[in-house]
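This report concerns only the one structure given below.
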Amino acid sequence: MQNLPDFILIAVILLNFFLLGTSRLGACVQAVALQGALLSLLPPILSGPSVHALSLAGGAFCLKGIVIPALLLRAIRKLDINREIEPRLGYIPTLLLVALTTAGAFVFGDRLPLLAAHLNSLVIPASLSTLAAGFLTLITRRKAITQVLGYLIFENGIFVFGMLLAEAMPLMVEAGVLLDMLVAIFVMGIVMNHINREFSSSIDTDHLNLLRE
Amino acid sequence: MTSLSVTPPSPLPSAMQMLFLALACLSAGALLPLVALGRPRLAQRLGVATGLAGGVSGVVAAFSMLISGTASDLALPWTTAGVSFALHIDGLAAFFLLPLFLLVAGAALYGSGYLDATAEGRGAAFHWSFLNLLALNMALVVSAANGLVFLLAWEGMSLSSFFLVMHAYQDPDALKAGRLYLIATHLGGALLIAFFLEAGRRCGSLDFSAFSTLRSLAPPQALFFFLLLLVGFGAKAGLFPLHVWLPDAHPAAPSHVSALMSGVMVKTAIYGLLRMLSFLPPLPAWCGLFLLTLGMAGALYGITLAMLQDDLKRSLAYSTVENVGLIFLGLGLWLYSTATGQATVAALALTAALFHIWNHSLFKGLLFFGAGAVQHAAGTRSISHLGGLLRRLPLVSSLIVLASGAIAALPPLNGFISEWLLLMALLALGQAATGGTAVLFLLLTALLALVGGLVLLTFSRLAGLVLLGEPRQRGALGHAPPAAMVAPMLVLALLCVGVGLIPGVPLKLLRGAATLVAGTPAAVVLPFGPLWGFCGGLLVTGAALLVFIAHRRAAAGDARRPTWGCGFLRPNARMAYTAGSFSELAATTLLATPMQPVVSATPTTCLFPTRAAFAREAPDPVLERGLAPFCGQLARRAYLFRKLQAGKLDIYLLYMFLATTLLLAWAMVG
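For the protein sequence lines, the chains are A and B, in the order given.
Position one of the first sequence corresponds to residue 134 (my numbering), numbered consecutively onward.
Position one of the second sequence corresponds to residue 1209 (my numbering), numbered consecutively onward.
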């Protein structure tokens, strides 16, 4: 059991690779759900089963592992889209970029002035790598659904970073972050719906650039 | 300035009390018309009443300060913001406040006859609100004792005058003029903000009382400040070559606004320059030379273009550029002679500049009022269409002739006194200097004389073509303006004559301002004794009598014969001089090619006359051939950066990602 947090974090990193390497939207949503669910296990493992940690884990698990993925899967079914057909950047280059950023994250994580307790842990590299993966998803994918997934991955990265502060961070802040995310997902859902209605063929965010002036 | 930080003294000094009353009236005038938005006539009445009340009480305030000579302060500290709403009225402020409030009162009265409230509709309320706001902000600029108050009032002044320029916003020319004005004024304002921030940082406070520590600046920094101020204030004052907004903005605005802007608003910039220069350490002599070169160039340039304009008010606007040039010439002479230790000449030059500020406010205000009356009566501002107004508007026309004489520095009117002082300063400097500098000053003297000649040409053209002969276009006949428009003109005309006849009184009043600016008491002895006043008075009375007799005879109806037609059998208005032909000789022989007016004409190709067209206009060479192409190039280059704004979310996210990565890498390396 000693290595359980490390296993989880490595799984999270691997899921990043999977997310950026696949074109099937359903699989992507499930991978993000799995990532969120795995991450929600971390607080009680790292800081012991306190009320604070348990409630945090429960909330995160419900939202990230169940509610939001269910909403997204429903959207995919309703809009009848299965694949990201034309990413802005191909899958192989994206994977290479993820590999690069992950390596960078490990290098950078070594150099940070950390507390002794956090030295040599995978928390920092996993967090940075997940943040970069979120960024890359947002940049390279077109569909509004993948944009939402990008933000979710991004949030997961922040959540991992928050593990360093699990004892210090008040419950309210965590709850606030989760609530923010839920609201953001709803807003994105509404935006998606509108894009779909306006440009009846797709939910491609490229159409939004008319708004720039 | 010492009691700035304390609470307001319980019995306010009377000058400050009156100033406060004036400011209160004008603030009310900025708000009340808006309350009556839907009732234009009521709004106009409210605006006129408050503007008039504010102007009159302000005149009293400035006058009582100038006579008593005691400075007074008002400070309302606002501790949370760390600043205080501080006002200070001393000799210099009162010197500028006097013509300011005089013209504000005049403009309010004049505007009540000039603007047709019912035709303006809702625009009337906005116009009066902005007019009073402009007056309020100008007064605050001049009386501010704190950098923040000054800057806020400065911006308020720029914005309210911008909206006044845009009065005829349906007209594309007015829009263009307004845009140019806004750009120019904000460029200047940006430099002023830079100055005040830097000065405030150095002095630890934005209060003007703390700015005296700037006296110990090192020369390079003082020079830097001087240049900041010169460009910042010069853009507003119409200093050549930053004057480009002025010839467009003045004609676009209603006439009483042009009078306010030209007569007073450009002077507030000169006030700011003088006030800030009084905080700076003594400047090197070449600053003075630089300033006087700019001034002289502006004077020549302004009057040359004034000579070429067809638009009456545009011509007057260029004449403002000329007069501002003369004022800066005086200031440059003052800086130069102070730096070279010639105290008497310095006093002379400074007095000349200050006196010319007053004089210009008087006769330019009168001229713009007159131009407005002409436009109001005849419905056009084009000199080529006007004519014969002397017979139809005898009083207004005589006042325009009088003002033209004053601006052309004809004795015994007021313009003569200040230009004479200026010439005296130039000649004194030329006599005292040796070698190259002597040549320079003698050359400047000759150029000043040339400017004087060109002013005479410009204004005889203006008055002659507009007032004499017959209208050159049917319809440009005219009807008499209402009394509300004539009354302020009469007051200004009386002042023009009075100041010219008794120059000793205004000279005594402006001594306080000169002392404050120069730091030492400056006494100028003028050879204008009682005899001058007496002879001048005789001259003016005689002229007035002659005009009156001629008018009576014309009214009796006996002597109305056509002008001699030079031998033509049936002379008509189309044979008379037009605005272009009058100045053509001077334009073609005197001017360098870039300054020449642009002529577009159908060439004559066959023996018999055919239908032909001829047009001639004189756009601003600095703007058309210098600044506009330069700014166009700059804009085209800068447009490349628009590609950064892709309008795509993912590109923006990419920027963020790159920025984050770079920061992380930087943190890692550094």
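Positions of the beta carbon are idealized from the N, C-alpha and C atoms, including for glycine.
Quick caveat, the model's predicted, so the values are computed rather than measured.
Taking the C-beta atoms as reference points, A/L205 is found no nearer than 8 Å to A/I323. As the crow flies, the alpha-carbon of B/L1250 is around 13 Å from that of B/S1337.
Burial check for B/E1627: the Cβ neighbour count within 10 Å reaches 16 or more, so the residue is buried. Sequence-distant Cβ neighbours of B/M1484 in its own chain, meaning closer than 6 Å and more than five residues away, are L1437. Of all alpha-carbon atoms in B/T1797, B/T1749 and B/P1679, the one lying nearest the alpha-carbon of B/R1782 is that of B/P1679.
In the DSSP assignment, B/A1763 falls within the alpha helix (DSSP H) that extends over P1738 to A1764.
A/I272 reaches chain B at D1858, L1861, L1862 and F1865, counting residues in chain order whose Cβ is nearer than 7 Å. The DSSP-derived three-state label of B/V1474 is helix.
Cβ proximity to chain B below 7 Å picks out F241 and R244 from the stretch 234-266 of chain A.
In this chain, B/S1417 is not harboured by any alpha helix (DSSP H), its DSSP state being neither H nor E. Approximately 7 Å separates the beta-carbon atoms of B/N1531 and B/K1572; this is inside 8 Å, confirming the contact.
A Cβ of chain A is located within less than 8 Å of the beta carbon of B/L1872. The stretch 151-235 of chain A is shown to contain whole alpha helix (DSSP H) runs of 4 or more residues at 158-173, 175-180, 184-193 and 201-212, in chain order. When B/L1754, B/L1520 and B/L1497 are compared, the shortest CA-CA separation from B/G1644 is found for B/L1497. Residue environment for B/W1874: exposed (fewer than 16 other C-beta atoms within 10 angstroms of its C-beta). Under the 8 Å Cβ criterion, the stretch 1472-1481 of chain B counts as touching the stretch 1439-1454 of chain B, having at least three qualifying pairs. The stretch 1356-1363 of chain B makes contact with the stretch 1391-1402 of chain B, as at least three CB pairs between them are under 8 Å.
For chain A, none of the residues of the stretch 1684-1701 of chain B brings a beta carbon within less than 7 Å of one of its beta carbons.
Segment contact: the stretch 1687-1696 of chain B against the stretch 1597-1607 of chain B, three or more CB-CB distances shorter than 8 Å; contact assigned. C-alpha of A/A259 to C-alpha of A/I141: approximately 10 Å in a straight line. Cβ contact annotation for A/A265 (same chain, cutoff 6 Å, sequence separation greater than five): T234, in chain order. Looking at A/C161, A/Q163, A/G192 and A/G223, the one whose alpha-carbon comes closest to that of A/L174 is A/G192. Taking a contact to require three or more Cβ pairs closer than 8 Å, the stretch 1281-1298 of chain B and the stretch 1693-1713 of chain B do not qualify as touching. According to the DSSP secondary-structure assignment, B/R1824 is paired through a beta bridge with B/V1807. Take B/L1482, set aside five residues on each side of it, and the residues of its chain with a beta-carbon closer than 7 Å to its own are L1300 and V1725, in chain order.
For A/F194, same chain residues with a beta-carbon under 7 Å away, outside a window of 5 residues either side, are A170 and S173 in chain order. The C-beta distance from B/A1461 to B/L1372 rounds to 5 Å, short enough to meet the 8 Å contact threshold.
Selection B/L1648, B/G1578, B/L1607 and B/Y1509 evaluated against B/L1702 yields B/L1607 as nearest (Cα-Cα).
By the neighbour-count criterion, in which 16 or more other beta carbons inside 10 Å mark a residue as buried, B/L1866 falls on the exposed side. For B/S1351 against B/H1296, the beta-carbon gap comes to about 7 Å, under 8 Å, which counts as contact.
Annotated as distal: B/V1357 and B/A1261, with beta-carbon spacing of 8 Å or more.
Not a single CB atom of chain B sits nearer than 8 Å to the CB of A/F150. Linking B/C1704 to B/L1650 through their CA atoms gives a straight-line distance of about 30 Å. For B/M1226, same chain residues with a beta-carbon under 6 Å away, outside a window of 5 residues either side, are S1265, V1268 and A1269 in chain order. Note that the C-beta distance between B/P1714 and B/W1566 is below 8 Å. Only residues of its own chain outside the window of five on either side were considered, and among them L1541, F1649, L1652, T1653 and L1656 have a CB closer than 8 Å to the CB of B/L1634, listed in chain order.
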